[in-house]
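Numbering (the numbering used here), first residue to last: 6 to 67.
Structure follows, in structure tokens:
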């Protein structure tokens, strides 16, 4: 259940920045916030190393 909520939270955060309205500074802030959240989830044991790397790649490839 925790993993489901966590993935939902990450997807929600990621979806809050519309592609056609992204400004460079907002994207940078958004990406850094997403990576920080992801790292916190990994450090707390909610995400495995594999899940962490998979989600990190998704964030960085957008």
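Backbone N, C-alpha and C fix where the C-beta goes; we use that ideal spot for every residue, glycine too.
- Nearest neighbour of residue 11 by Cα position, chosen from 67, 42, 55, turns out to be 42.
- Taking C-beta atoms as the reference points, residue 63 and residue 40 fail to come closer than 8 Å.
- In this chain, the alpha helix (DSSP H) harbouring residue 54 covers 54 to 65.
- Counting only residues of its own chain and dropping the five nearest sequence neighbours on each side, residue 57 has a CB closer than 6 Å to the CB of 47.
- Shown here, residue 35 sits in a helix according to DSSP, grouped into three states.
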